[in-house]
Structure formats: structure tokens, C-alpha cells
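Enquirer: Residue numbers (full-length UniProt numbering): 1 to 405.
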Amino acid sequence: MAAAEVAPPLNGGSTSSRADPLQVLNDYTTAGTSEGLSINPLIVEQLSEAAKAQQEDAEVNHLVISAPGNDRRVFSNRIGDTDIALISKVFSPQGFALQYVDFSYNTIGDKGAAGIANMLPECPNLRALILRSNDIGPYGAHMIASKLSVCTELSKLDLSFNPIGRDGGMSVAAYLQTPNKLLHLDVDSAEVNIDVLIALAAVLHVNNRTLCILNVENPRLFTLQQEHCTHFGRMLQVNTRLMELYLGKQKIRDEGTQVLVSHLFDNRALRVLDLRCNEISVKGAFEIARLLESDAVLQWLNLEANRMQDEGAFHIADALKYNRHLSTLERFQAVHNDFGPTAAAKWGKLLQKAPKVVVWSGVEVVNVCERGGEVGVEDGFSKMVEGFQLNFDSGFDRDVEKETL
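Take a look at the structure:
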């Protein structure tokens, strides 16, 4: 699957200043002890490693903060607003060397987000800011977004699973209108509404030509009009940069699918389309089949947990036979779509001609000729698995982010 990666660290950056991780470590431990705050062992470890790397290679001149709260060493002592104030104070003087910040799965609120925002002007070489699963609201998101323009090297911003709401989402959309190098934006489950979805689509339609990955899954939608499908469709018709789009849990029905797909016929850039957990039924599956039959360049399509049933599966199976890019179709998900044994037989015939991985109703079917293995038979799936290896699996990891530092 195509994915935009966070660029590796710069050995030197855009400034001739020299990072001093030992000084930052000393300031952090001294100030934390004097203020009665817990010292985060992850930050201490990274600063120590940075100092060691600098001794071994004089060209190394970058700092990293990776302190996710789901690490077992800090699980019961996560970073909060008070901790952010201390971290911001000790890292700001050497912010020019800071290139990666990960505070995911902590307890940072609006006050802590404001502290992060105050540090951003000192971090022009920051490449990734990951704040997933905290408690940042509209004010905190606005404060961060308003300062991001100075981080001219930023390529990834993750605010997913924070209640940033409409106002926070609109602030992020406003940031996208400014000159930037952002490649990956994630606002999954961030309580954004229809206004934010339309604003993001409008920005990508007119202003932004850098973003490669956009995740807007699980917004707060209180309308069944599906007007955001029209805006995303028009954007995709002209956008030649966006490669991955995640539209799961958006109450998209057949009408919205038809509108979205009608604009995708002209798109030759999109490689990943995630439509999981929507309300797409047979008619929507027919529209998707038309797209695939037209030789769409999609490499990864997720239709998990919709309502396609056997007839919808037939449409898509027939369409895939005419898709020249099927040889590069990495994964096609259609689990939890009420498929039956008849659809299984249809997929079995297709897979005999196209030896690629297909996840079907929680069962991974792999062509024996490509992977090797024993043939398995399970009740009504016998026709489907003829000549195939059957591996019972709960599914595969959806996390496709690739970050290298």
C-alpha cells in the first residue's frame, strides 16, 4: 500500500546551532525534582541515547520526544498539563533540534495543548506532532493549529481521538490553507461535524496540493443528506496528490456512494479508500463495481461492515475480473457484509484467477500456489477454498502508518 512516510531526521537542520541533550536532560530532571513532578523515564532514556549518538557521530543534531502513555513503564503515570509546562520550558531553548513529538495516549487537556503551542515557534524543524487519544478540546486544537505555520517541515499531524469538535476542526482546516508540507492528517474520532468535513474537502479541492493521507473517520454527523460525499467527490476529481482517504463510520449510503464514485472515474492518484462501517448496500456495491471495472488504480479497498449481501458481492467479484490493477490489489475487505455460501463460490472462482489476499467474513483465503500450505474445508466454504489454504484469523492490522526517524 502506498503511504506517505515521515521523513528521517535532519543531521543539522536549517540552523548552525548545536543541540545539547545532556543539558536538556539535566534541566529536565533538576526542574522536575524541584517542582515535585514525576520524571518521565521515556524522555530520560531518549535524551541519554541522543547524547550517546552525538558522541559517536558529530553530525547528529536532533532531539526526539516519544512519550506515549500506553507504554507499560508509564502506564500509571501519564503526562498531563503540568508535565507539559515543564517539558515546554526545558525543551524550548533547544527547540530548533526537536524533530519528532509523540504525546499520544496521555491526559493532556487544553492547558497542556496551549503549552505545546507556545513551544512550537521554537521548533521550525519539527517533522511529526502526534497527540492521539488525549483530552484536547476546541481551544487547545485552535492554539496548536494557529502556531503550526512556523513548523515549516511538519509532515504529520495526529489529533485523532481528541474532542476538538467543530471549532478545533475548522482551525485545522484553516492551517491547511497556509503554505505547508503536511503529508498526513488524522482527525479520526475527533468529534468534528459536517462543516469540518466540507471545509477539509474544500481546502484540498482549491488550496492544498501536499496532503497524501487524510483520516476523517467517525465524525459527529446528525444529517442523512450525505452532502459531504459531494464535496469529497469533487475534490477527488481534481486532486492529484491525495493517496489515502479514510471515510469510515460516516453514515454513507447508496446515494452518497454513487455521488462519490461518479467523481472517482477521473482520479488516477488515490490508492487507498476505506469505506468501512457505513450503510452501503447492493446499489452502492454496484457503483463501486463500476469503478473497479473501469480499471481504477485503487490498491486497497475496505468495505468491512456494510450491507452489500450476496448480490453486492457478485457485482464486485465480476468487476474485479476486468481490473488490470488486480495484480496490485493488496487487500480487499468485505467481512461482516452478510455474504453466504453462494457468494463464497463466486469468490472462489475469482481467486483461482487472481492469487491475492482477500479477507472474507473473518476468514483469510490465500492462494496455495503463491503462499504454499494445506487445503482446508469448512462446511459451506468448500467451493471457496478449493485449491486454497484456509487460515482462521481475526483480521489484519489496519495501522498502515510508517514512521522512520
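Virtual Cβ for every residue (Gly too), placed ideally from N, Cα, C.
None of the values given here were measured: they were computed from a predicted structure.
Which runs of the alpha helix (DSSP H) fall wholly inside the segment 112–195 and span at least 4 residues, in chain order?
Expert: Runs of the alpha helix (DSSP H) inside the segment 112–195: 138–147, 165–176.
Enquirer: Return the CA-CA distance between His-142 and Ala-114, expressed in angstroms with no decimal places.
Expert: One C-alpha to the other measures close to 9 Å.
Enquirer: Compute the beta-carbon to beta-carbon distance between Arg-220 and Val-192, rounded to the nearest angstrom, for a pair I have assumed lies under 8 Å.
Expert: Correct: roughly 7 Å between the Cβ atoms.
Enquirer: Is it right to say Ser-34 is buried, meaning 16 or more other beta carbons lie within 10 angstroms of its own, or is it exposed?
Expert: When all chains shown are included, Ser-34 counts as exposed.
Enquirer: The alpha helix (DSSP H) that contains residue 421, what's its start and end?
Expert: No answer is possible for residue 421: the residues shown for the chain start at 1 and end at 405.
Enquirer: Is Cys-277 near Gly-248, with beta carbons less than 7 Å apart?
Expert: Going by C-beta atoms, Cys-277 is nearer than 7 Å to Gly-248.
Enquirer: My understanding is that Ala-269 touches Leu-292, with C-beta atoms under 8 Å, so please give their C-beta distance in whole angstroms.
Expert: So it is not a contact: roughly 16 Å between Cβ atoms.
Enquirer: Would you check if the distance between the CB atom of Ala-31 and the CB atom of Asn-61 is smaller than 7 Å?
Expert: No, the pair does not count as a contact, with Cβ atoms beyond the cut-off.
Enquirer: In the DSSP assignment, the beta strand (DSSP E) including Asn-215 goes from what residue to what residue?
Expert: Counting along the chain, the beta strand (DSSP E) containing Asn-215 begins and ends at 213–215.
Enquirer: Candidates Glu-217, Leu-182, Met-170: which alpha carbon is nearest Ala-199's?
Expert: When each option's Cα is compared against that of Ala-199, the closest is Met-170.
Enquirer: Near Ile-84, which residues of its chain fall below 7 Å by C-beta distance, leaving aside the five closest residues on each side in sequence?
Expert: Around Ile-84: Ile-108, Gly-112, Gly-115, Ile-116.
Enquirer: Can you tell me the Cα-Cα spacing of Leu-42 and Val-64, whole angstroms?
Expert: Each residue's alpha carbon lies about 10 Å from the other.
Enquirer: Pick helix, strand or coil for Glu-374, following the three-state DSSP scheme.
Expert: Legend: pLDDT at Glu-374 = 34, less than 50; position of this residue unreliable, value from coordinates given subsequently. Coil, per DSSP.
Enquirer: On the CB-based measure, 16 or more other CB atoms within 10 Å of its CB, does Phe-232 come out buried or exposed?
Expert: Buried.
Enquirer: Per DSSP, which one or two residues make a beta bridge with Tyr-100?
Expert: Tyr-100 pairs with Val-64, Ala-128.
Enquirer: Label Gln-55 either buried or exposed according to how many other C-beta atoms from any shown protein chain fall within 10 Å of its C-beta, with 16 as the threshold for buried.
Expert: When all chains shown are included, Gln-55 counts as exposed.
Enquirer: By alpha-carbon positions, which one of Pro-138, Asp-102, Asn-118 ends up nearest to Arg-132?
Expert: Ranking the options by Cα distance to Arg-132, first place goes to Asp-102.
Enquirer: How about residue 406 and Tyr-105: do their beta carbons lie closer than 7 Å?
Expert: The structure shown does not extend to residue 406, since the chain is modelled only from 1 to 405, so the question has no answer here.
Enquirer: Would you mind sorting Ala-201 into buried or exposed? The rule is 16 or more other CB atoms within 10 Å of its CB.
Expert: Result: buried.
Enquirer: According to the neighbour-count rule (16 or more other Cβ atoms, all chains shown, within 10 Å of its Cβ), is Ser-146 buried or exposed?
Expert: So Ser-146 counts as exposed.
Enquirer: Near Glu-255, which residues of its chain fall below 7 Å by C-beta distance, leaving aside the five closest residues on each side in sequence?
Expert: Result list for Glu-255: Gln-226, in chain order.
Enquirer: Can you pull the DSSP bridge partners for Glu-244?
Expert: Partner(s): Ile-213, Val-272.
Enquirer: Suppose you measure from the CA of Ser-17 to the CA of Gln-299; what does that come to, to the nearest Å?
Expert: In a straight line, the C-alpha of Ser-17 is about 44 Å away from that of Gln-299.
Enquirer: Just the Cα atoms here: how many angstroms apart are His-184 and Lys-349?
Expert: Straight-line Cα distance between these residues: approximately 38 Å.
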